[in-house]
Amino acid sequence: MSARRKPRPVRFHRSLHSREEAEAVARVLRSGRTGGGGKVSRRVESVIRRWTGGARVLLTPSGSAALEMAFQALRLRPGDEVILPSFAFVSAANAILRAGGRPVFAEVEEESLNLSPDDVRRRLSARTRAVLPVHYGGRPCRMDEFLAMGRQKGVAIVEDAAHAYGGRWQGKPLGGIGDFGVYSFHETKSFSCGEGGALTIRSKKLVQRAEVIQEKGTDRTKFLRGDVGQYVWREVGSSYLLGDVLAAILEIQIRDVQPQIARRRRWWQMYRDELLPLAESGRIVLPLPLDEDRSACHIFHLQVRPVRDRNRVLRALSRAGIESSFHFVPLHSSPFGRRVLGTRRGDLPITERVARSLIRLPLHPLLRESEVKRTIRAVRKAVG
Ligand SMILES: Cc1ncc(COP(=O)(O)O)c(C=O)c1O
Numbered sequence: 023m024s025a026r027r028k029p030r031p032v033r034f035h036r037s038l039h040s041r042e043e044a045e046a047v048a049r050v051l052r053s054g055r056t057g058g059g060g061k062v063s064r065r066v067e068s069v070i071r072r073w074t075g076g077a078r079v080l081l082t083p084s085g086s087a088a089l090e091m092a093f094q095a096l097r098l099r100p101g102d103e104v105i106l107p108s109f110a111f112v113s114a115a116n117a118i119l120r121a122g123g124r125p126v127f128a129e130v131e132e133e134s135l136n137l138s139p140d141d142v143r144r145r146l147s148a149r150t151r152a153v154l155p156v157h158y159g160g161r162p163c164r165m166d167e168f169l170a171m172g173r174q175k176g177v178a179i180v181e182d183a184a185h186a187y188g189g190r191w192q193g194k195p196l197g198g199i200g201d202f203g204v205y206s207f208h209e210t211k212s213f214s215c216g217e218g219g220a221l222t223i224r225s226k227k228l229v230q231r232a233e234v235i236q237e238k239g240t241d242r243t244k245f246l247r248g249d250v251g252q253y254v255w256r257e258v259g260s261s262y263l264l265g266d267v268l269a270a271i272l273e274i275q276i277r278d279v280q281p282q283i284a285r286r287r288r289w290w291q292m293y294r295d296e297l298l299p300l301a302e303s304g305r306i307v308l309p310l311p312l313d314e315d316r317s318a319c320h321i322f323h324l325q326v327r328p329v330r331d332r333n334r335v336l337r338a339l340s341r342a343g344i345e346s347s348f349h350f351v352p353l354h355s356s357p358f359g360r361r362v363l364g365t366r367r368g369d370l371p372i373t374e375r376v377a378r379s380l381i382r383l384p385l386h387p388l389l390r391e392s393e394v395k396r397t398i399r400a401v402r403k404a405v406g
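For the sequence shown, my numbering gives the first residue as 23, with consecutive numbering after it.
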């Protein structure tokens, strides 16, 4: 008698890499020019530049590095505040602290998991220098409100579009709307070269600063353009370039962005449609439907009710062979946040409820319809 074979797990994330990417990498290796700021990087920057409608684009080793460059370029002074969601990736808060500023955490909106403009307005002060909306899961933030704040209060808007390459808000490219935009091309992202990122910059003055910070604090970028005869140390910088080997992968990854997003959108929509009855019975909270704003559909998430059932549901999904995951542990309630910033559990109740109840389902370029359906059945069974 043959033992019944266990079905293969439905993977939470897998990146898709083609033979063409391998060939592009081999070409760079054969060229012997593998460092940052080379021919391939420049081509990729101009592709992203065209997408963002003309912002200056600098490829970076990660989204985290791009965040660090943005806040250093803003020249924060001690005590300067930056408002960001606590439901965000740790690199944003690190980047603010490393630049000498102070992170001020605000709530997200429960329906979108994006930064709440109303809560940000309550926290604006004479010390606020910047606001950092995160397009969570690729869904656009309410940029009209943040841009108005930027104009009225003179604060910089730094868009964290790490999840959002290829998404749009009112026709405009996410990551190309604020003063700065940050992309991540990490392995876990929809378009990836393993580790990588980009910074988009819209003001000329900030471009010059960011170029110097990226090249170890020197004006080497100007030198390479032929604008100066030699390059010299101008301020504190670091090495924030992406090597051309990784840029070669990225060049192919971002060639056909919209078909990739359309595929993710299909699975996203199927999850939402098929899980709607569970939401109607109050057992889960689903993300808002996709509207005319064009989400990059990077993440599909749901929230379990009651909140205390979340970990039980995660375990049941795991037993059913479905890889699923929680997401951000709120920064204000983290050990470092509490010790250094004096924030406390209970400060941001919506954020805390979202973080404790959230589950992300598999969504990646190799996901098949049968796997989406299996996941939906497992969620129905686990939630009950
Ligand atoms: C919202 C957000 N911002 C920034 C980052 C940092 O990007 P990277 O991993 O490329 O440094 C991440 C990483 O997952 C993220 O989720």
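All C-beta atoms in this analysis are idealised placements derived from N, C-alpha and C, irrespective of residue type, glycine included.
I think residue i touches residue j, with their Cβ atoms under 8 Å apart; what is that distance to the nearest whole Å?
{"i": "residue 56", "j": "residue 266", "result": "5 Å"}
{"i": "residue 220", "j": "residue 62", "result": "About 14 Å separates the two Cβ atoms, so there is no contact after all."}
{"i": "residue 483", "j": "residue 85", "result": "The chain is shown only over 23 to 406; residue 483 falls outside these bounds and no answer can be derived."}
{"i": "residue 79", "j": "residue 187", "result": "In fact, because the Cβ distance is near 12 Å, the residues do not count as touching under 8 Å."}
{"i": "residue 246", "j": "residue 59", "result": "7 Å"}
{"i": "residue 173", "j": "residue 104", "result": "So it is not a contact: roughly 18 Å between Cβ atoms."}
{"i": "residue 74", "j": "residue 216", "result": "Not really, about 23 Å apart at Cβ, beyond 8 Å."}
Do residue i and residue j have their C-beta atoms within less than 8 Å of each other?
{"i": "residue 400", "j": "residue 339", "result": "yes"}
{"i": "residue 77", "j": "residue 286", "result": "no"}
{"i": "residue 110", "j": "residue 182", "result": "yes"}
{"i": "residue 378", "j": "residue 307", "result": "no"}
{"i": "residue 384", "j": "residue 161", "result": "no"}
{"i": "residue 83", "j": "residue 251", "result": "no"}
{"i": "residue 290", "j": "residue 389", "result": "no"}
{"i": "residue 178", "j": "residue 96", "result": "yes"}
{"i": "residue 274", "j": "residue 40", "result": "yes"}
{"i": "residue 348", "j": "residue 380", "result": "yes"}
{"i": "residue 128", "j": "residue 137", "result": "yes"}
{"i": "residue 309", "j": "residue 294", "result": "yes"}
{"i": "residue 124", "j": "residue 90", "result": "no"}
On the three-state DSSP scale, how would you describe residue i?
{"i": "residue 358", "result": "helix"}
{"i": "residue 83", "result": "coil"}
{"i": "residue 168", "result": "helix"}
{"i": "residue 406", "result": "coil"}
{"i": "residue 106", "result": "strand"}
{"i": "residue 217", "result": "coil"}
{"i": "residue 177", "result": "coil"}
{"i": "residue 182", "result": "strand"}
{"i": "residue 388", "result": "coil"}
{"i": "residue 39", "result": "coil"}
{"i": "residue 225", "result": "coil"}
{"i": "residue 347", "result": "strand"}
{"i": "residue 29", "result": "coil"}
{"i": "residue 23", "result": "Reliability fails at residue 23, whose pLDDT of 48 lies under 50, so the model's placement of it is uncertain and no value is given."}
{"i": "residue 329", "result": "helix"}
{"i": "residue 237", "result": "strand"}
{"i": "residue 127", "result": "strand"}
{"i": "residue 322", "result": "strand"}
{"i": "residue 194", "result": "strand"}
{"i": "residue 394", "result": "helix"}
{"i": "residue 245", "result": "helix"}
{"i": "residue 381", "result": "strand"}
{"i": "residue 153", "result": "strand"}
{"i": "residue 34", "result": "coil"}
{"i": "residue 259", "result": "coil"}
{"i": "residue 276", "result": "coil"}
May I ask you to check if the CB of residue i is nearer than 7 Å to at least one heavy atom of ligand 1?
{"i": "residue 354", "result": "no"}
{"i": "residue 5", "result": "With the chain covering only 23 through 406, there is no way to say anything about residue 5."}
{"i": "residue 93", "result": "no"}
{"i": "residue 9", "result": "The structure shown does not extend to residue 9, since the chain is modelled only from 23 to 406, so the question has no answer here."}
{"i": "residue 35", "result": "no"}
{"i": "residue 168", "result": "no"}
{"i": "residue 86", "result": "yes"}
{"i": "residue 114", "result": "yes"}
{"i": "residue 148", "result": "no"}
{"i": "residue 320", "result": "no"}
{"i": "residue 386", "result": "no"}
{"i": "residue 160", "result": "no"}
{"i": "residue 172", "result": "no"}
{"i": "residue 110", "result": "yes"}
{"i": "residue 377", "result": "no"}
{"i": "residue 128", "result": "no"}
{"i": "residue 184", "result": "yes"}
{"i": "residue 219", "result": "yes"}
Quick check: does the Cβ of residue i come within less than 7 Å of any heavy atom belonging to ligand 3?
{"i": "residue 323", "result": "The model depicted lacks ligand 3 and carries ligand 1 instead."}
Decide yes or no for the touch test of the region 207-217 against the region 233-248: beta carbon pairs closer than 8 Å, at least 3 of them.
no
Using 8 Å as the cut-off, can you tell me whether the region 253-265 makes contact with the region 363-373, which would need three or more C-beta pairs spanning the two stretches below that distance?
no
For the 8 Å Cβ check, are there 3 or more pairs between the region 137-144 and the region 159-168?
yes
Is the region 276-292 touching the region 315-325, taking contact as three or more C-beta pairs under 8 Å?
yes
Report yes or no: do the region 352-360 and the region 319-331 share at least 3 C-beta pairs separated by less than 8 Å?
no
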